[in-house]
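Residue numbers (mature numbering (1 follows the signal peptide of the UniProt record, and there is no 0)): -25 to -1, 1 to 298.
Here the structure is laid out as structure tokens; the discussion comes afterwards.
Dropping the structure here:
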């Protein structure tokens, strides 16, 4: 996004004497919101809703840049190397921040050292989908059948994706042998669930809702704290007796580590206002997101908890990817 128009030329001397102003309050440059996923994906949708709302809140022009690759790692590396002046903001997510550090032997960035966390802006949850015809009617029935099987095939949409790690957590928590099947195309994975070639998969709630309406699959549990309005008849994991599966895919604003505190505060104010914007909230709900708008302290604490949660799951699954 472009920052706010700066002071008039007559005020340059005063501005120099006071030192650099926060990036969100300066003008004459573009501040970019970087998304690690392609245009048209759910993270891209979130980025564009957020950019428009921040623009309204901060009287600034916001530009979204898509830098897809390696599940958000390419975008993370790009922002980690950017100037620490508030001109570049990353829309980070659970995969690149809390999963990748334990699943990959090396990363082109360090999520703990290279960034300052500004706010958790939104999150979305999952539903566990099974075949509509012949699939188990409840999570308890699924687990009972899985424990009797030599292995249970669980679809995922990318190695170390949140849905993959959720599947590993499910198998570990319930005590059955799960084997992930990674699909490049979502349609292929959903087709295999409908045909019973894989036992089930974690899908985002919006995707699950749309596919249920199309037929072929149904959801037997969802992972939110409460039932999503998109799936009002599907029990939560806690209701189904599996509280460990209360999980979400979350999104946070991040800036390079050396970004001045005043600039971080300015970006946070714009993000917090954006997450209260009525038009943005309506669009977020329609896309299956829950607005959050946490403080920097709150987002740091949340990420620490998530890293502590996912590290042992990844280690028990034996996931270690060498580049």
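Glycine included, every Cβ here is placed at the ideal spot set by N, Cα and C.
{"Check": "Beta-bridge partners of residue 74, as assigned by DSSP", "Outcome": "According to DSSP, which records beta bridges pairwise, residue 74 is partnered with nothing at all."}
{"Check": "Where the beta strand (DSSP E) containing residue 33 begins and where it ends", "Outcome": "Looking at the DSSP string, residue 33 is not in any beta strand (DSSP E); the run it does join, the alpha helix (DSSP H), is 17 to 33."}
{"Check": "Contact belief for residue 232 with residue 90 at Cβ below 8 Å, rounded distance in angstroms", "Outcome": "6 Å"}
{"Check": "Straight-line gap, residue 8 to residue 76 (C-alpha atoms, nearest Å)", "Outcome": "23 Å"}
{"Check": "Extent of the continuous beta strand (DSSP E) run through residue 148", "Outcome": "That residue, residue 148, is in no beta strand (DSSP E); its alpha helix (DSSP H) goes 137 to 149."}
{"Check": "Supposed contact pair residue 18 and residue 177 - C-beta distance, whole angstroms, cut 8 Å", "Outcome": "Between residue 18 and residue 177 the Cβ distance is about 17 Å, and since that is not below 8 Å, they are no contact."}
{"Check": "Nearest to residue 269 (by Cα), restricted to the options 73, 93, 11", "Outcome": "93"}
{"Check": "Inter-stretch contact (C-beta, 8 Å, three-pair minimum) for the stretch 215 to 222 and the stretch 44 to 64", "Outcome": "no"}
{"Check": "Distance CB(residue 10)-CB(residue 40) smaller than 9 Å", "Outcome": "yes"}
{"Check": "Stretch pair the stretch 172 to 187 + the stretch 105 to 123: three plus CB contacts closer than 8 Å", "Outcome": "yes"}
{"Check": "Where the beta strand (DSSP E) containing residue 10 begins and where it ends", "Outcome": "7 to 10"}
{"Check": "Inter-residue spacing [alpha-carbon to alpha-carbon] between residue 297 and residue 223", "Outcome": "27 Å"}
{"Check": "Contiguous alpha helix (DSSP H) assignments of at least 4 residues, all confined to the stretch 64 to 111", "Outcome": "75 to 78"}
{"Check": "Residue 160 versus 27, 37, 130, residue with shortest Cα-Cα distance", "Outcome": "130"}
{"Check": "Alpha-carbon spacing of residue 97 relative to residue 80, whole angstroms", "Outcome": "29 Å"}
{"Check": "Rounded C-alpha distance that separates residue 179 from residue 26", "Outcome": "22 Å"}
{"Check": "Exposure label - residue 266; buried when at least 16 CB within 10 Å", "Outcome": "buried"}
{"Check": "Span separating the alpha-carbon of residue 196 from that of residue 35", "Outcome": "41 Å"}
{"Check": "Beta-carbon separation (whole angstroms), residue 285 vs residue 73, contact threshold 8 Å", "Outcome": "5 Å"}
{"Check": "Chain C contact for residue 71 (CB, 9 Å cutoff)", "Outcome": "Absent here is chain C; the protein component of the structure consists of one chain."}
{"Check": "Sequence-distant residues of its chain with Cβ nearer than 7 Å to residue 140 (five each side left out)", "Outcome": "74, 285, 288, 289"}
{"Check": "Assigned exposure category for residue 272 - 16 Cβ within 10 Å defines buried", "Outcome": "exposed"}
{"Check": "Secondary structure of residue 117, DSSP reduced to three states", "Outcome": "helix"}
{"Check": "Closest by C-alpha distance to residue 127, when choosing among 105, 138, 151", "Outcome": "151"}
{"Check": "Buried versus exposed call for residue 253 [16 or more other C-beta atoms within 10 Å across all chains shown]", "Outcome": "exposed"}
{"Check": "Exposure label - residue 60; buried when at least 16 CB within 10 Å", "Outcome": "buried"}
{"Check": "Backbone CA spacing between residue 29 and residue 13 [nearest angstrom]", "Outcome": "21 Å"}
{"Check": "Collapsed DSSP secondary structure at residue 1 in the structure displayed", "Outcome": "Residue placement at residue 1 is poorly supported in this model, since its pLDDT is 45, which falls under 50; the coordinates are not used for a value here."}
{"Check": "Spatially closest choice to residue 148 from 123, 168, 118, 137, by CA coordinates", "Outcome": "118"}
{"Check": "Reduced DSSP category for residue -5 - H, G, I as helix; E, B as strand; rest coil", "Outcome": "Its pLDDT being 37, under 50, residue -5 is placed unreliably by the model, and the measurement read from it follows with that caveat. It is coil, neither helix nor strand."}
{"Check": "Residue 85 to residue 275 span [Cα, whole Å]", "Outcome": "15 Å"}
{"Check": "Proximity to residue 21 [Cα-Cα], best of 166, 263, 193", "Outcome": "263"}
{"Check": "Through-space distance from residue 146 to residue 50, alpha-carbon basis", "Outcome": "31 Å"}
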